[in-house]
């Protein structure tokens, strides 16, 4: 036979001891923000993160009271992390925009594509065989400012799409 030393009933437990000394009890945390539950973290959407970052960019005098309260409710480490990731958030937000071929989310100018097509037609007229790799190297050398720091593969895929769209074929070397 075992003896019951004491029974724990909800009436006897008034407040559980905090796990870490100095941390608030779970009831205190829940009372601060009724929307949050104790075991779940709040996940912010990219739009919300960008909204909070735009509030941070405003001078403190121009912020509304609600905006100031909203910023105070977010942990500072989250805001610091979001500041570092802001460019990535903007990139994700703009993913439904027109597809572009290089960094900076700027479309390639039509005059560059026209110049590239003229270059391809010149190679065709000269009957000089050229493959896509050589053409990519030539285009990167001729248009360094317009293409920026595009990778070799990005320029190559851009050229292939451009040639396919305009029904151009290269005089490829037969191997």
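In my numbering, the protein residues as written are 719 to 893.
Cβ coordinates follow ideal geometry from the N, Cα and C atoms, glycine included.
Where residue i falls: helix, strand or coil (DSSP)
i           : result
residue 794 : helix
residue 886 : coil
residue 868 : coil
residue 763 : coil
residue 912 : Given a span of 719 to 893 for the chain in the structure shown, any question on residue 912 remains unanswerable.
residue 782 : coil
residue 848 : coil
residue 855 : helix
residue 862 : helix
residue 803 : coil
residue 776 : coil
Nearest-angstrom beta carbon gap, residue j and residue i [assumed within contact, 8 Å]
i           : j           : result
residue 774 : residue 808 : The Cβ separation is near 15 Å, so there is no contact.
residue 789 : residue 770 : 7 Å
Contacts around residue i, its chain only, beta-carbon distance under 7 Å, and the 5 residues preceding and following it disregarded
i           : result
residue 861 : 830
residue 739 : Interpretation of residue 739 is limited by its pLDDT of 39, a score under 50 that renders its predicted location unreliable; no figure is taken from the coordinates.
residue 880 : 831 and 834
Own chain partners of residue i with C-beta closer than 8 Å, once the 5 adjacent residues on each side are dropped
i           : result
residue 857 : 834, 837, 865, 873 and 877
Candidates the options, of which the one nearest residue i by Cα
i           : options               : result
residue 887 : 853, 801, 790 and 799 : 853
residue 869 : 851, 794 and 883      : 851
residue 772 : 879, 859, 801 and 790 : 801
residue 883 : 844, 871 and 832      : 832
residue 799 : 880, 762 and 859      : 762
residue 803 : 879, 793, 845 and 768 : 768
residue 766 : 785, 781 and 779      : 785
residue 791 : 760, 845 and 778      : 760
residue 855 : 805, 780, 794 and 875 : 875
residue 839 : 787, 885, 776 and 778 : 885
Contacts around residue i, its chain only, beta-carbon distance under 6 Å, and the 5 residues preceding and following it disregarded
i           : result
residue 841 : 848
residue 892 : In this prediction, residue 892 has a pLDDT of 42, which is less than 50 and means its spatial position is unreliable; nothing more can be read from the coordinates.
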